[in-house]
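In UniProt numbering, the protein residues as written are 1 to 630. Using N, Cα and C, we set each Cβ at its ideal position, and we do this for glycine too. Since we're looking at a predicted model, the values are computed, not measured. The block underneath contains the structure these notes are about, expressed in structure tokens.
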């Protein structure tokens, strides 16, 4: 069946569609109905079903005779070590870790925080929690102590699993002091922590609270899978909230498992005998869905990478991993490809040795500008597919489903709706806008399986933040449009639609023009306050390595390009050349922070920032008088 017919079936009768998809996983007690509608429009999916997610990700493959299939390849560019685990290997490791967790008093429904680097034990820990029905919350390794403390207070874990250190290019990050400080700050008191000692740096342990990982695992009794109800929480993943309170996004077991089982073969087109690599971190939604649960539930091989796109050792790191492990489909963030492009604009490191058997590259995390897409397509010679989703959704909502023989893409668009999702573009009065008009991107309720049913301990806030603005719809917080062919263009966050002298402009549309300049590696455009026009756009650009023209010349050319394509109405006159853009560890540019700096507001360093020095580049460029006036 074609993408079009499958999509039509998914929205015409979602209950029938997802009951059929539910057959892709093993149930302890198979559901008799697809969902129960709740008063707010959210469904409880497969409400009378019972299952275990770890069984579906590990044990069932062994029962099917595929235990010796490679499940996980851990490639550490930081240590130079590569370790491969079969499904049978993972079952042994996970059962032992699950026993260790249970020995610390963790039971069904209890929470466990996992504060670890990109090591296999972190995957074992996630699956071990799922195995015994505990709820895990992964916090990005090395996260600031006060932010970790907020998550401890909200999740109220019985146990924290950590490691002695994480490895970054040129430095070793000691995790234990950060965790100790977080525990001291938190109101909720953590009784036990288990510490994985890495050879690069060992941590001192506090008697009575801290437990050494390998010793505790060796002493534990292996644990079996515990079936849970479909709506039992699998994990809580915290995402930044506008109020400063971290939002605990909940994903359940049943709907999540079905979405994972369906999405890997149908969206990404990956077979069970193939290799899938999501170049993310387990601290983010991508790592949960497409390093751990998606590939393993589907039964293929997943790559877990400890390294960076550049600097470990160079801009050829991605291509080396793809070749070495025969990756078939690769998923990363646009910002990672832009970093590679900035360091190796001619693709010499790729041309030197090729990209193995790679047949598709998927991008998500922030908008993929057409210039980056075109560069990657030219260099790789394979489809490069932008797609879009959110932590709250848990899996893609827009894209190109190569598993459904869908090959149509359009630069500047994140694709067409994935089966199960129904989109609309609304104005502030809930009126649906015509093709080409920019408005709020919303999703019709109910959301499909795999999407979040609530926020941890904050269901009223969940309803207010996501369901109240446009009744009957989930508000994504993004702005964009649908074109005449049904492709959805996610242009920016709703807050990044700026009003210049009464004209609504998308900063994403301006960024698309700016990034097309041959000297520009990446950019950000924000709306700054202006006493005459209300708001004006200001650009910040990072140049490619080896650019020979001056900063001023590039800035003048960028201003001219925008004015030529959008006209004087854009009032685009100011461009700053900076060394780096401030980004989160997941690769998203901190546009709201840049906007605040440009408006002269006091800015606290965001907890999620990757490189605090990048903020200084913005402060300096705004303070200096070197900005170009067109």
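- Listed in chain order, the non-local C-beta contacts of residue 467 below 6 Å within the same chain comprise 40, local neighbours out to five positions each way being set aside.
- Per the coordinates, the alpha-carbon of residue 565 lies some 12 Å from the alpha-carbon of residue 516.
- Contact between residue 497 and residue 479 is confirmed by a C-beta separation of about 5 Å, below the 8 Å threshold.
- Judged by DSSP secondary structure, residue 491 falls within the beta strand (DSSP E) whose first and last residues are 488 to 493.
- Comparing alpha carbon positions, the residue from 197, 372, 288 closest to residue 215 is 197.
- Exclusion of the five residues before and after residue 369 leaves 512, 515 as the residues of its chain whose Cβ lies within less than 6 Å of its Cβ.
- Put simply, the stretch 405 to 413 does not touch the stretch 444 to 463. Fewer than three CB pairs are less than 8 Å apart.
- Selection 304, 264, 288, 48 evaluated against residue 85 yields 304 as nearest (Cα-Cα).
- For the beta strand (DSSP E) assignment, the uninterrupted runs of no fewer than 3 residues enclosed by the stretch 388 to 458 are, from N- to C-terminal side, 423 to 426, 439 to 444.
- Rounded to whole angstroms, the gap between the alpha carbons of residue 135 and residue 235 is 5 Å.
- Taking the CA atoms as reference points, residue 166 sits about 46 Å from residue 16.
- Ranking 448, 73, 88, 428 by CA distance to the CA of residue 36 puts 448 first.
- DSSP places residue 300 in the coil class of the three-state scheme, outside both helix and strand.
- The continuous stretches of alpha helix (DSSP H) do not include residue 156, and DSSP gives it neither H nor E.
- Shown here, residue 322 sits in a helix according to DSSP, grouped into three states.
- Residue 336 places its beta carbon less than 8 Å from that of residue 309.
- Per the coordinates, the alpha-carbon of residue 345 lies some 43 Å from the alpha-carbon of residue 53.
- Rounded to the nearest whole angstrom, the CA to CA distance from residue 399 to residue 388 is 7 Å.
- The DSSP-derived three-state label of residue 87 is helix.
- Counting C-beta atoms within 10 angstroms of its own C-beta, residue 80 has fewer than 16 neighbours from the protein chains shown and is therefore classed as exposed.
- Secondary structure of residue 183 (DSSP, three-state): helix.
- Taking all protein chains shown into account, residue 98 has 16 or more neighbouring C-beta atoms within 10 Å of its C-beta and is therefore buried.
- Using a 10 angstroms sphere on the CB of residue 266, the tally of other CB atoms reaches 16 or more, which defines it as buried.
- Around the beta carbon of residue 20, fewer than 16 other beta carbons sit within 10 angstroms, so the residue counts as exposed.
- Sorting 589, 163, 127 by C-alpha distance to the C-alpha of residue 118 places 163 at the top.
- In the three-state reduction of the DSSP assignment, residue 233 falls in the strand class, which pools E and B.
- A straight-line Cα-Cα distance of about 23 Å links residue 373 and residue 391.
- Under DSSP, residue 276 takes part in a beta bridge, and its partners are 302, 329.
- Counting the other CB atoms within 10 Å of its CB gives residue 151 a total of 16 or more, which places it among the buried residues.
- In this structure residue 7 is not in contact with residue 295, their Cβ atoms being roughly 24 Å apart against a cut-off of 8 Å.
- Excluding five sequence positions before and after residue 88, the CB atoms of its chain that fall closer than 7 Å to its own CB belong to 62, 67, 68, given in chain order.
- With respect to residue 178, residue 201 sits apart: the two C-beta atoms are not nearer than 8 Å.
- In the same chain as residue 103, and ignoring 5 residues on each side of it, the C-beta atoms closer than 6 Å to its own belong to 220, in chain order.
- When C-alpha distances from residue 417 are compared across 380, 485, 181, 378, the shortest belongs to 485.
- With a cutoff of 8 Å on beta-carbon distance, residue 583 and residue 590 are scored as near each other.
- In this structure, the beta-carbon distance from residue 462 to residue 254 does not fall below 8 Å.
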